[in-house]
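Here my numbering is used: the first residue of the sequence shown is 136, the next is one more, and so on. Beta carbons: idealized from backbone N, C-alpha and C, even for Gly. Heads up: the structure comes next, in structure tokens.
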Amino acid sequence: MKNKAFLGIDVSKGYADFLLLDQDKQILEDPFQLNDNKAGRLKLSHIIDHWFSLGLKELFCGVESTGGYENNWFSHLQNLTVEQNIKVARLNPKGVKSVSEAALKRTITDAVSAENIAVYLIAFPEKIIYRDKPVEFDNTFKEARQTLTFRHMLTKQRVQLNNQLEKLLYQYFSETLVYCRNVMPNWLLEMLVKYPSAKQVSRASEKMLVRIKGISMNKAQAILRKVQPSTQSVSDQIKHLISETAREILHKKELIENEDRIITRRYEQHDQVKLLSTIKGIGPSTAIRILLEIEDIKRFASAKQLCSFFGVHPTFKQSGDGTWGSRMSKKGRPDIRAALYMSCLSAIRTDENTKQLYARFRAKGMNHYQAMGVVMHKRLRIIYGVLKKQTHYDPRIDLQNIESANQKKEEAEAKIQELNLHKRRRAERYSEGGIDAPISRIAAQKRKKQEASQSLLTKENTGLPPA
């Protein structure tokens, strides 16, 4: 047995597949399968003990994040790190999938997936955060993630029902769509439950309509004027479908509001919620939503990691003469980005620092959404600082940090410019340079600028006056 080994674990519902490789990607233990129960996890412990008895010194284990199925195996291996020299990591499936694609594998089985995980552990150690001892995270917000998932499901169902009802109204009760340009109001849904067709509404008097909450006398008169000339024929089956769909949408809305009340009541007095609420534009409900997504700030080593995890970092592509696709990444869970966006809209009106940041990037030519992306990135960094340092948000400290960051940015840009020059010289060490090659007009202009800046930088470094 080699001194170092890598265990790839492909987790499925109820069981997992295992494959052990050495550092040269040679198989040390053929693929095997264990059930996800007490007996299966105990068997894994015995197998690992056997490997160490054969001379293994260090074991690296990896499981993909699969929405919770991997938790039992991950926790069990973490507990084993106390007794053995074991390191365990929870992996991003995107990286493992890329390994499989790079290897041009055409057939994927559980055993092949376990091999891909082990190969990823070997090939990209710098991308992996291992746990070599049990880490105690704050699980206060972890349980509520299940409630949040349930709420997301209800919201998705409500949107589906809304879309279905809108199509029905377009065909059989189009007069009401004028009231649905932004959202479908509750008063309209309640009216559709009782009167699902234009003919039924026209038979109802103004007094009957105003009994519905949200319908005033003027609105009732306007509704009756719209539906009285209607000639659309609606069958009893369609009336029933419209009425029940509207009733179900109201029910979903009630369930969503109830879940929001439960979560708010449980966490609104939590210290972390109060901390985030000191940031302008973030109220208790938004603070709770953000904390439910973050769970524990100790999971993230830096603000950069947090921004990347939630997909608010910028991305672009550069090749040949062009640079394109500069936009927000939008990887990761979208819910926190939605919460950040609404928070930033509020902060632009109430927080002077945020207002100036937004205005500065709009003045640079960015449209509203691009500038909002910058503000969202900044807001997430502020959230990281508040949670990491456990201090209230102070705009004065934020301004000091901005000034310090600008100074560091200037120094970093100078170093980057010098480093890029060194890299370019290294890359072109076998090239004659110049613009004699059959290059494009843009590339020729770029080379001229590079030669001019290189000449200027050389003169500055040697103390000669620029030409």
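DSSP three-state label for L303, please. helix
Rounded C-beta distance between R266 and V223? I'm assuming under 8 Å. 5 Å
Can you give me the Cβ contacts of D470 inside the same chain, cut-off strictly under 8 Å, excluding the 5 residues immediately before and after it? L283, H287, R424, E428
Does the distance from the C-beta atom of S539 to that of R514 stay below 8 Å? no
Cβ-Cβ distance between V198 and V146 below 8 Å: yes
If contacts are defined as beta-carbon pairs under 8 Å, then L169 and K178 qualify, I think. What distance do you get, rounded to the angstrom? 6 Å
Identify the continuous beta strand (DSSP E) that holds N555 and give its terminal residues. It is not in any beta strand (DSSP E) - N555 instead sits in the alpha helix (DSSP H) that spans 530-562.
Identify, in the order they occur along the chain, each residue of the same chain with its Cβ nearer than 6 Å to the Cβ of K139, setting aside the five sequence neighbours on each side. Q158, E193
Use the C-beta contact count for Y305: other C-beta atoms within 10 angstroms, 16 or more gives buried, fewer gives exposed. exposed
In terms of alpha-carbon separation, which member of F276, D165, L324 lies closest to V247? D165
Excluding five sequence neighbours on each side, which residues of the same chain lie with their C-beta closer than 7 Å to the C-beta of R531? none
Between which two residues does the alpha helix (DSSP H) containing Y255 stretch? 245-258
From the DSSP output, read off the bridge partner residues of V146. A151
Backbone secondary structure at A602 - three-state DSSP: At A602 the pLDDT is 46, less than 50, meaning the model places this residue with poor confidence and gives no usable figure here.
Measure how close the beta-carbons of V521 and L410 come, nearest whole angstrom, since I'm counting them as under 8 Å. 6 Å
Give the DSSP-derived three-state secondary structure of S461 in the structure shown. strand
Cutoff 6 Å; reference V234; Cβ partners in own chain excluding five residues on either side: N251, V254, Y255
CA-CA distance, T244 and A258? 21 Å
Cα-Cα separation, L289 to Q219: 45 Å
Do you know offhand how far K291's Cα is from K415's? 30 Å
For G175, the residue or residues it bridges with in DSSP: DSSP output for G175 lists no bridge partner at all.
Where does G467 fall in DSSP's three states? coil
Distance CB(S437)-CB(H448) smaller than 8 Å: no
In the DSSP assignment, what are the bridge partners of I162? L156
Any contact between the region 362-376 and the region 313-328? By contact I mean 3 or more CB pairs, one from each, below 8 Å. no
At which residues does the alpha helix (DSSP H) containing K329 begin and terminate? 321-329
For L296, count neighbouring C-beta atoms within 10 Å of its own C-beta (all shown protein chains included) and say buried if the count is 16 or more, exposed if not. buried
CB of A339 within 8 Å of CB of Q367, strictly: no
Is it right to say M507 is buried, meaning 16 or more other beta carbons lie within 10 angstroms of its own, or is it exposed? buried
Can you name, in chain order, every residue of its own chain whose Cβ lies under 8 Å from the Cβ of E394, other than the five neighbours on each side? T282, F285, R286, L289
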